[in-house]
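Student: This is the structure, below, for whatever I ask next.
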Amino acid sequence: MSRRNFQSILCAGLVLAAIVRAVAAPLGVGDKFPELSGIALEGKLPALEGRVLVVDFWASWCGPCKEAFPALARVHAWYGQRGVVVLGVSVDQKENEYADFLKKFAVRFPTVRDHEQKLVALVQVPAMPTTYVIGRDGRVRAILSGYHGAATDKELRTTLNTILAENSSP
Amino acid sequence: MIRHRSFRPVLFLCAIVGAGLLGGCTTTMVQPWERAALTTYSMRTDRDPLASTMAEHTWFSREAATGGRGVGGSGCGCN
Chain Z
-17 MSRRNFQSIL CAGLVLAAIV RAVAAPLGVG DKFPELSGIA LEGKLPALEG
33 RVLVVDFWAS WCGPCKEAFP ALARVHAWYG QRGVVVLGVS VDQKENEYAD
83 FLKKFAVRFP TVRDHEQKLV ALVQVPAMPT TYVIGRDGRV RAILSGYHGA
133 ATDKELRTTL NTILAENSSP
Chain G
25 MIRHRSFRPV LFLCAIVGAG LLGGCTTTMV QPWERAALTT YSMRTDRDPL
75 ASTMAEHTWF SREAATGGRG VGGSGCGCN
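Right, dumping it as structure tokens:
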């Protein structure tokens, strides 16, 4: 193989690798969130049409995820009547661990299991847990990476209040 | 010319294989959602209390110059 051919192959390889990397890039603010109905998730999805969606990625083995649950339950209770849906997406691959966790902690908002980890791989969550706030147009409005107690709670409430104020204004 | 024509499919194949190999390098890290196995008890370095105590003692008495790993002392190795 000549030097020129080798260089061509290397360049083509690098370009294609860059394309692969770009395709696998994490979801950012302003991006369209994947259609949940089009992904094989275990569990019943709540009605999402025209709702502001809060999607929380969690796992039974993740400590901070458990800490975030009371705050998410409060958001579900307070904002539920204003058109906000909180949805927990577990990335647990073992069904018994997921079921045991739900039984033990009595989670008070809808939860589904991404047992094939397709959605989470598509979204490329930066940490566990990560909460995505999705507007009525299906676009990501905020990404809350990790759970940092009151700071995360405040950021989530502020984002939801902003979205709801936009939607209620004439 | 004939040689050049027959060489192109090989080049194309090499490019695809090369891209695949280079693409594989983009996901070398364990992703946050793939860490279930890493959180199990068997992955902990301090899962055996006796081994941990022995290791602590060895480090304290043989390695530490001024009292290692939070233990007071001069590190003389006399205990």
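In order, the protein sequence lines correspond to chains Z and G.
First residue of the first sequence: -17, per the numbering used here; consecutive thereafter.
First residue of the second sequence: 25, per the numbering used here; consecutive thereafter.
Think of the CB as a built atom: it goes at the ideal place given N, C-alpha and C, for glycine as much as any other residue.
Here's a check: name, in chain order, each residue in its chain whose Cβ is nearer than 7 Å to the Cβ of arginine 95 of chain Z, leaving out the five neighbours to either side.
Tutor: Leu23, Glu24, Gly25, Ser72, Asp74 and Tyr80
Student: In terms of alpha-carbon separation, which member of Z/Glu98, Z/Val105, Z/Lys76 and Z/Ala53 lies closest to lysine 14 of chain Z?
Tutor: Z/Val105
Student: Run down chain G in chain order and give the residues with a C-beta less than 8 Å from the C-beta of alanine 50 of chain Z.
Tutor: Those do not exist, as alanine 50 of chain Z stays about 14 Å from chain G at its closest Cβ, beyond 8 Å.
Student: Inspect the beta-carbon positions of alanine 109 of chain Z and serine 127 of chain Z and report whether they are closer than 7 Å.
Tutor: yes
Student: Would a C-beta distance cut-off of 7 Å place glycine 70 of chain Z and aspartate 38 of chain Z closer than the cut-off?
Tutor: yes
Student: Count the other CB atoms within 10 Å of the CB of valine 115 of chain Z; is the residue buried (16 or more) or exposed (fewer)?
Tutor: buried
Student: Mind pulling the chain G residues with CB within less than 9 Å of proline 108 of chain Z?
Tutor: Pro56
Student: Consider the Cβ of threonine 82 of chain G: report whether some Cβ of chain Z lies at a distance smaller than 7 Å.
Tutor: no
Student: How far does the beta strand (DSSP E) with serine 19 of chain Z in it reach, from first residue to last?
Tutor: Per DSSP, serine 19 of chain Z belongs to no beta strand (DSSP E) and is neither H nor E.
Student: Following the continuous alpha helix (DSSP H) through arginine 123 of chain Z, name the residue where it begins and the one where it ends.
Tutor: Unbroken run through arginine 123 of chain Z is the beta strand (DSSP E), 122 to 127; no alpha helix (DSSP H).
Student: For valine 73 of chain Z and chain G, any beta-carbon pair shorter than 7 Å?
Tutor: yes
Student: I want to verify the contact list: residues of chain G whose CB lies under 8 Å from the CB of glutamine 99 of chain Z, in sequence order.
Tutor: Near glutamine 99 of chain Z (Cβ distances below 8 Å), the residues of chain G are Trp57 and Glu58.
Student: What in chain G is Cβ-close to tryptophan 43 of chain Z, meaning under 7 Å?
Tutor: Ala60 and Thr63
Student: Give a yes or no on whether the C-beta atoms belonging to valine 66 of chain Z and leucine 142 of chain Z are separated by under 7 Å.
Tutor: yes
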